[in-house]
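Number of protein chains: 2
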Amino acid sequence: MEKITSRNNPKIKYACSLKNARETAFVLAEGLRLCRDAAENGIAISTCFLTEKMYQSGECAAILEASQASFLIEQSVSEKLAETKNPQGIFCICQKPQLSCEIDSSGKYLLLEQVRDPGNFGTMVRTAEAFGLSGILACDCCDAFSAKAMRASMGAVFRFPVIEIEQEEAFLRDIIGKGMNLYCAVVESAAADVGTLARQQGIITAVGNEANGLSRETLALGTPVTIHMAGRAESFNVSQAATVIMYEMAK
Amino acid sequence: MEKITSRNNPKIKYACSLKNARETAFVLAEGLRLCRDAAENGIAISTCFLTEKMYQSGECAAILEASQASFLIEQSVSEKLAETKNPQGIFCICQKPQLSCEIDSSGKYLLLEQVRDPGNFGTMVRTAEAFGLSGILACDCCDAFSAKAMRASMGAVFRFPVIEIEQEEAFLRDIIGKGMNLYCAVVESAAADVGTLARQQGIITAVGNEANGLSRETLALGTPVTIHMAGRAESFNVSQAATVIMYEMAK
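Going line by line, the protein sequences match chains V and A.
My numbering puts the first sequence at residues 1086 to 1336.
My numbering puts the second sequence at residues 1086 to 1336.
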């Protein structure tokens, strides 16, 4: 296997350029778990970079087999590619999955509006997959394929439909016209309990930005629901709220 | 206000020594949000360190007022004190809260067994507070006052009872003898649904280690409950599972 020793190698530069690029068809996955998830889910891996130590560990067979090309890298190159402080020493250039963008009007979706934190975003994708939802609808959110979002999703972004919605209001009007029910998660004790939305078919529940909640336009289109809590509601994180909502949706 | 310019100043060395020390009565809190939480919750703050820029921001009045002593620090000193990559530039040495360790046998508790990830731990404390539970029972877990756990808890560790249990099995036998119900969260489709534990008084639900779940000893003492899911259960994080459990407990 060829060895790359320079941090300025064009292949390394290209790989690094994928780290903060949203509009690309490829993404740089870091770490054994994520690279393995990509390989196991049939994601096309164009290149794998790994340190000698990682190669010797014998943990990478499936990843190397799935990769079109593989290169050994020096520790210093690994540190350049890494987003984490103590990289494991394995990186894959993966093609973003081409998942269906079709909305099933009898399905169950979580809509995320302006969710900015990639950790929250990734966690919600992971939880949506766990509950067997139909997909995540992402409206003006952070990049689903940023390093942090991929890590928090535990690879779920490679398997689970995350559908980007460009024109949110028009989309919602259209889908409501097709008979879907839109619920809006709010922090408001007068709103109906989140338990009331359970067991319906064709539902979208919208969850808003970490600080500001949902937009007025979205709130005007849906039925508000809330999680009634005895304690300190302001201590509730958006991804925890979404967990309860998806739990009720999935019932 | 006196200015500390050296990273080797004894006060700075002492503050740094608190970062990884579990058995101390004091803890180093970092960041505006956490320091403010400490100040607002009547936590004794022995020392506040802050950069000139942070001081000028005018955001620190309440923190400075609550601190027995305050020092300006150079940027390089701030970086030494910090656990984050881009520190905001404010740090407080806080006394750990002296919360009651009494168990209320009609209360509702989440028991955490060998939870190792401080992010998960802190998130669960935060969520337990949101749902108005009586407390967290921590058995052989990570440090509730590590920098990461404090951050993830959003300051809830300063307000909400986290009770460390030394002899878990003896404790559980005792508390069951006093009439409390113990439920054990498991990943097992044959177990009763988590919904069945709702609306009871005097309950403890135990959640286990991220990788291995609950110990055999604990499982032998309680009733297994599970979260039935249509999707990919292995995608479910311990803190998301605990959110659903607490939601049902709090109903």
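Backbone N, C-alpha and C define an ideal beta-carbon position, used for all residues, glycine too.
With a CB to CB cut of under 8 Å and the five nearest residues on each side skipped, what residues in its chain are close to residue 1110(A)?
Numbered from its first residue, the second sequence carries residue 1110(A) at position 25. 1180, 1181.
Is any beta-carbon of chain A found at less than 8 Å from that of residue 1294(V)?
By 1-based counting over the first sequence, the position of residue 1294(V) is 209. False, the Cβ-Cβ gap to chain A never drops below 8 Å.
Between residue 1299(V) and residue 1178(V), is the Cβ-Cβ spacing less than 8 Å?
Taking the first residue of the first sequence as position 1, residue 1299(V) is located at position 214. Taking the first residue of the first sequence as position 1, residue 1178(V) is located at position 93. Contact: no.
Determine whether the Cβ of residue 1286(V) lies closer than 8 Å to any Cβ atom of chain A.
Within the first sequence, the letter at position 201 stands for residue 1286(V). Taking Cβ atoms only, chain A never reaches closer than 8 Å to residue 1286(V), which makes this a no.
Quick test of your reading: residue 1310(A) and residue 1272(A), contact by CB under 8 Å. State the CB separation rounded to the nearest angstrom.
The sequence position of residue 1310(A) within the second sequence is 225, counting from 1. The sequence position of residue 1272(A) within the second sequence is 187, counting from 1. That pair is no contact at about 11 Å.
Have a look at 1239(A), 1208(A), 1247(A), 1227(A) and flag the residue whose alpha-carbon is nearest the alpha-carbon of residue 1185(A).
Along the second sequence, read from residue 1 onward, the residue named residue 1185(A) stands at position 100. Nearest to residue 1185(A) by alpha-carbon distance, out of 1239(A), 1208(A), 1247(A), 1227(A), is 1247(A).
Rounded to whole angstroms, what is the Cα-Cα separation between residue 1114(A) and residue 1256(V)?
By one-based count along the second sequence, residue 1114(A) stands at place 29. By one-based count along the first sequence, residue 1256(V) stands at place 171. Straight-line Cα distance between these residues: approximately 45 Å.
Kindly give me the distance between the Cβ atoms of residue 1215(V) and residue 1321(A), rounded to whole angstroms, as I take these residues to be in contact under 8 Å.
Position 130 of the first sequence, counting from 1, holds the residue named residue 1215(V). Position 236 of the second sequence, counting from 1, holds the residue named residue 1321(A). Their Cβ separation, rounded to whole angstroms, is 4 Å, which keeps residue 1215(V) and residue 1321(A) in contact under 8 Å.
Is it the case that the Cβ atoms of residue 1289(V) and residue 1260(V) are separated by a distance below 8 Å?
Residue numbering aside, residue 1289(V) sits at position 204 when the first sequence is read from its first letter. Residue numbering aside, residue 1260(V) sits at position 175 when the first sequence is read from its first letter. Contact flag set, yes.
Is residue 1190(A) closer than 8 Å to residue 1127(A) when the C-beta atoms are compared?
Translated into positions along the second sequence, residue 1127(A) becomes position 42. Translated into positions along the second sequence, residue 1190(A) becomes position 105. For residue 1127(A) and residue 1190(A), no; Cβs fall outside 8 Å.
Mind pulling the chain V residues with CB within less than 8 Å of residue 1315(A)?
Start at 1 with the first residue of the second sequence, and residue 1315(A) comes out as number 230. Near residue 1315(A) (Cβ distances below 8 Å), the residues of chain V are 1216, 1217, 1335.
Look up residue 1210(V) in the DSSP assignment and say whether it is helix, strand or coil.
The count along the first sequence starts at 1 and reaches residue 1210(V) at position 125. Correct three-state label for residue 1210(V): helix.
By the criterion of Cβ-Cβ separation under 8 Å, what are the contact partners of residue 1270(V) in chain A?
Residue numbering aside, residue 1270(V) sits at position 185 when the first sequence is read from its first letter. Per Cβ cutoff of 8 Å: no residues; residue 1270(V) is ~14 Å from chain A at best.
Against chain V, does residue 1243(A) count as a neighbour if the rule is that its beta carbon must be under 8 Å from one of theirs?
As a working note, residue 1243(A) is residue 158 in the second sequence. Chain V contact via Cβ: absent.
Can you tell me where the beta strand (DSSP E) holding residue 1153(A) begins and where it ends?
The residue labelled residue 1153(A) in the question sits at position 68 within the second sequence. Unbroken beta strand (DSSP E) run through residue 1153(A): 1152–1158.
Out of curiosity, what's the CA-to-CA distance linking residue 1224(A) and residue 1249(A)?
Walking along the second sequence from the start, residue 1224(A) turns up at place 139. Walking along the second sequence from the start, residue 1249(A) turns up at place 164. Their backbone Cα atoms lie some 6 Å apart in a straight line.
With distances taken from CA atoms, which of 1124(V), 1201(V), 1192(V), 1212(V) is nearest residue 1319(A)?
In the second sequence, the residue the question calls residue 1319(A) occupies position 234. When only C-alpha atoms are compared, the closest one is 1212(V).
Looking only at DSSP bridge pairs, what is residue 1332(V) linked to?
Your numbering for residue 1332(V) matches position 247 in the first sequence. As DSSP reads the structure, residue 1332(V) sits in no beta bridge.
Kindly list, in the order they appear in chain A, the residues whose Cβ is closer than 7 Å to that of residue 1169(V).
By 1-based counting over the first sequence, the position of residue 1169(V) is 84. By Cβ distance, chain A contributes nothing, its closest Cβ being about 11 Å from residue 1169(V), past 7 Å.
Using a Cβ cut-off of 8 Å, pull out every chain V residue sitting near residue 1318(A), in sequence order please.
By 1-based counting over the second sequence, the position of residue 1318(A) is 233. The CB of residue 1318(A) comes closer than 8 Å to the CB of 1215 in chain V, given here in chain order.
So, with DSSP's three-state summary, where would you put residue 1202(A)?
Position 117 of the second sequence, counting from 1, holds the residue named residue 1202(A). Looking at residue 1202(A) - three-state DSSP - the assignment turns out to be coil, as it is neither helix nor strand.
Using the Cα positions of residue 1317(V) and residue 1323(V), report the straight-line distance between them to the nearest angstrom.
Taking the first residue of the first sequence as 1, we reach residue 1317(V) at position 232. Taking the first residue of the first sequence as 1, we reach residue 1323(V) at position 238. Those two C-alpha atoms are separated by around 14 Å.
Going by the DSSP bridge assignment, what does residue 1346(A) pair with across the sheet?
In the structure displayed, chain A extends from 1086 to 1336; residue 1346(A) sits before or after that span and is not available.
Could you pull the start and end residues of the alpha helix (DSSP H) that residue 1097(V) belongs to?
In the first sequence, counting from the first residue as 1, residue 1097(V) sits at position 12. Its alpha helix (DSSP H) spans residues 1095–1102.
Figure out for me which residue from 1150(V), 1277(V), 1087(V) has the closest Cα to the Cα of residue 1137(V).
To locate residue 1137(V), count along the first sequence from 1; it is residue 52. Residue 1137(V) has its Cα closest to that of 1087(V), out of 1150(V), 1277(V), 1087(V).
Return yes when the Cβ of residue 1193(A) is within less than 8 Å of the Cβ of residue 1101(A), no when it is not.
As a position in the second sequence, residue 1101(A) is number 16, starting the count at 1. As a position in the second sequence, residue 1193(A) is number 108, starting the count at 1. Against a cut-off of 8 Å, the Cβ pair of residue 1193(A) and residue 1101(A) comes out as no contact.
Would you tell me roughly how many angstroms separate the C-alpha atoms of residue 1297(V) and residue 1199(V), rounded to the nearest one?
One-based indexing of the first sequence puts residue 1297(V) at position 212. One-based indexing of the first sequence puts residue 1199(V) at position 114. Those two C-alpha atoms are separated by around 9 Å.
Excluding sequence positions up to five away, which residues of its chain have a Cβ less than 7 Å from the Cβ of residue 1328(V)?
Residue mapping note: residue 1328(V) aligns to position 243 of the first sequence, counting from 1. Cβ neighbours of residue 1328(V) beyond the five flanking positions: 1212.
Give the DSSP bridge partners of residue 1220(A), in chain order.
Here the question's residue 1220(A) lines up with position 135 in the second sequence. In the DSSP output, where bridge partners are listed per residue, residue 1220(A) has 1194(A).
For the beta strand (DSSP E) that contains residue 1131(V), what are its first and last residues?
Stepping through the first sequence from its first residue, residue 1131(V) is reached at position 46. Residues 1130–1136.
Would you mind telling me which residues of chain V sit closer than 8 Å to residue 1200(A), beta carbon to beta carbon, in chain order?
The residue you call residue 1200(A) lines up with position 115 of the second sequence. Those do not exist, as residue 1200(A) stays about 16 Å from chain V at its closest Cβ, beyond 8 Å.
List, in chain order, every chain B residue whose beta-carbon is nearer than 7 Å to that of residue 1328(A).
Note that chain B does not occur in the displayed structure, where the protein chains are V and A.
Does the beta carbon of residue 1311(V) come closer than 8 Å to any beta carbon on chain A?
Locating residue 1311(V) in the first sequence gives position 226, where the first residue counts as 1. By the rule that beta-carbons nearer than 8 Å mark a contact, residue 1311(V) does not touch chain A.
Between the Cα of residue 1305(V) and the Cα atoms of 1098(V), 1206(V), 1174(V), 1253(V), which residue gives the shortest distance?
As a position in the first sequence, residue 1305(V) is number 220, starting the count at 1. Ranking 1098(V), 1206(V), 1174(V), 1253(V) by Cα distance to residue 1305(V) puts 1253(V) first.
By a C-beta neighbour count over all protein chains shown, 10 Å radius and 16 as the cutoff for buried, is residue 1203(V) buried or exposed?
As a working note, residue 1203(V) is residue 118 in the first sequence. It counts as buried.
Can you tell me whether residue 1234(A) is buried or exposed? The criterion is at least 16 other CB atoms within 10 Å of its CB, across all chains shown.
For the purposes of this step, residue 1234(A) is taken as residue 149 along the second sequence, with counting starting at 1. With 16 or more Cβ atoms within 10 Å of its Cβ, residue 1234(A) is classed as buried.
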